[in-house]
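**Q**
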Amino acid sequence: MKLNINIFSKNKNLEEGFTITELLISIVILAVMVSLSIPSALRWIEKEQQNAYLRELISYLELLKKETRRWNGTCEVKTNSFAKNIYDPITRKRKSEKAFIVDCEGMDKNQKLRIARQVPLIGEKVFQETSQKNFNFTPKGYLSLPDNETSLVIIIGGRSKGRFYQRPKCIFMEAPIGLIKSGFYQSNYLFFSDRDGNRQNSGLRKQFCYAM
């Protein structure tokens, strides 16, 4: 009787284990789940990069308004147009590029250097388009635009490895007060890796930037 019980217990333990077939099926299911989650994770990271750049851009424009008003100076802002980020052979990555070239007058040297160092950087996964090639901040912190334009519009999107349409983020400022509003641009843009990193787009309009 005791022998039969031991044999039964041993067989039961064997039945509770995993077979090779079951292990292989589990591995295949896990691999499929990982392959499906990776693109979603990458897309999320790219969106966060765009959001981070948008916050940095708004902060920088507010800085220009504040410092020109504080120092009674002027700052000329030029869009730094480029197609691709420069490749760095040492790090084997593409460098982040300055969004603007900024030249300020009527301020001390240290303040000019601070403004120049804080220009937002555009990474290889982000693109920007600006409605004006050049714009200025006057001594009272006002926004001045060329050709009697009344608003500055900037859109921010992604340079993804895939190709898909999406609404980019946007901000707009109305001259002369320069109040900044942000939202989504109500036109779909093709997001893909070979987009120009930064350029002027005179067709941008503030009425298509719906504030959040």
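Numbers given in my numbering equal positions in the sequence shown, counted from 1, plus 33. Cβ atoms here follow ideal geometry from the backbone N, Cα and C, with glycine treated the same way. On a predicted model such as this, the values are computed, not experimentally measured, just so you know.
Would you mind stating whether C203 and Y222 have Cβ atoms separated by less than 7 Å?
**A** No; because the gap between Cβ atoms is not below 7 Å, this pair is not in contact.
**Q** Would you mind giving the Cβ-Cβ distance between L97 and F170, rounded to the nearest angstrom? I have them listed as a contact below 8 Å.
**A** Correct: roughly 5 Å between the Cβ atoms.
**Q** Under a three-way DSSP split, which group does T112 fall into?
**A** Residue state, collapsed to three classes: strand.
**Q** Please name the residue or residues paired with Q161 in a DSSP beta bridge.
**A** Partner(s): I189, N231.
**Q** Kindly list the residues whose CB is nearer than 7 Å to the CB of S235, restricted to its own chain and excluding five residues on each side of it in sequence; keep chain order.
**A** The answer, listed in chain order, is S164.
**Q** Is it the case that the Cβ atoms of L176 and P209 are separated by a distance below 7 Å?
**A** Contact: yes.
**Q** Rounded to the nearest angstrom, how far is the Cβ of T186 from that of L237, given a contact under 8 Å?
**A** In the sequence on display, residue 186 carries Val and not Thr. Rounded, the Cβ-Cβ distance is 4 Å, consistent with contact.
**Q** Between the region 136-151 and the region 101-109, are three or more C-beta pairs nearer than 8 Å?
**A** Counting Cβ pairs under 8 Å, three or more are found: they touch.
**Q** Grouping DSSP H, G and I as helix and E and B as strand, with all else coil, what is R238?
**A** Three-state DSSP puts R238 in coil, outside helix and strand.
**Q** Measure how close the beta-carbons of S129 and I155 come, nearest whole angstrom, since I'm counting them as under 8 Å.
**A** Indeed, because the Cβ distance is near 6 Å, the residues count as touching under 8 Å.
**Q** Over the uninterrupted beta strand (DSSP E) stretch that includes K194, give me the two end residues.
**A** Element bounds for K194: n/a, residue is neither H nor E.
**Q** What are the complete alpha helix (DSSP H) segments, minimum 4 residues, inside the region 117-174?
**A** Listed in chain order, they are 142-150.
**Q** Where I60 and K194 are concerned, what is the direct C-alpha to C-alpha distance, given to the nearest angstrom?
**A** Computed Cα separation, rounded: 28 Å.
**Q** Assuming P207 is part of the beta strand (DSSP E), what are its boundary residues?
**A** Before going on, a small fix: residue 207 reads as Glu here, not Pro. 202-207 is the span of the beta strand (DSSP E), which, as asked, contains E207.
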